[in-house]
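Structure record follows, encoded as structure tokens.
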Amino acid sequence: MKSTLHSRCVRTLAAGTLSAALLAAGSAGAYAVTAPKPTPSMTHTAMPTSKPSMTAMRSIAVKVNRTTFKAGQTATFTGRTVGLKVGSTLVLQHKVNGKWNTLRTTTVVKKGNTFTVVRKFTNKGTQVVRVASSNGAVHSQPVTLKIT
């Protein structure tokens, strides 16, 4: 009889210990769910994971004096460059059948990173053109011209 009582006590103690452990785990889980989320700190800035490529640091911006011309009239393209050396050669390109072709119109980057390109368009229709570095690695956004 003593062993039966002893067994019941041990089982009751084990059940109580197990219940206490489950309650503690449950309350820890409940705390984790209701704990406030951390807010980002403005004191630290993220470091870039890689260095930007040289192409990303270079650009060409272009404007044209107008977008509609009569055949034979001259278009003047002006703009600025970033990351290209003074004296770098720039070319005018036009898009034909989805491919950029370089025209025989060139200029160089001047002091102050500016440039001017002048071109006479004789073919009627729509022309899509851009200014690019001589190797084509850096180019402006395309400009659409209407030649009538």
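7 is the number of the first residue of the sequence shown in the numbering used here; add one for each residue after it.
Even glycine gets a Cβ: it sits at the ideal position worked out from N, Cα and C.
Does DSSP classify residue i as helix, strand or coil?
{"i": "Ser146", "result": "coil"}
{"i": "His50", "result": "Residue placement at His50 cannot be trusted, given a pLDDT of 47 that sits under 50; what the coordinates show is reported in the next sentence. If DSSP states are grouped into helix, strand and coil, His50 belongs with coil."}
{"i": "Ala36", "result": "Bear in mind that a pLDDT of 49 at Ala36, under 50, signals an unreliable position, so the number given afterwards is only what the model happens to contain. Helix at Ala36."}
{"i": "Lys130", "result": "coil"}
Going by the DSSP bridge assignment, what does residue i pair with across the sheet?
{"i": "Ala77", "result": "The partner list for Ala77 (beta bridge, DSSP) is empty, contrary to what the question assumes."}
{"i": "Lys105", "result": "Val102"}
{"i": "Val115", "result": "DSSP output for Val115 lists no bridge partner at all."}
{"i": "Val70", "result": "Phe83"}
Does residue i pass the burial test, meaning 16 or more other C-beta atoms within 10 Å, or should it be called exposed?
{"i": "Thr87", "result": "buried"}
{"i": "Ala67", "result": "exposed"}
{"i": "Gln79", "result": "exposed"}
{"i": "Gln133", "result": "buried"}
{"i": "Ser140", "result": "exposed"}
Just to confirm, are residue i and residue j a CB contact at a threshold of 7 Å?
{"i": "Thr111", "j": "Leu98", "result": "yes"}
{"i": "Thr122", "j": "Leu96", "result": "no"}
{"i": "Val115", "j": "Val92", "result": "yes"}
{"i": "Thr120", "j": "Ala77", "result": "no"}
{"i": "Thr82", "j": "Val137", "result": "no"}
Contact check, residue i vs residue j under 8 Å by CB: the rounded distance?
{"i": "Val135", "j": "His100", "result": "5 Å"}
{"i": "Lys126", "j": "Thr73", "result": "Contact doesn't hold; Cβ gap of about 16 Å is too wide."}
{"i": "Lys130", "j": "Thr154", "result": "6 Å"}
{"i": "Met63", "j": "Gly89", "result": "5 Å"}
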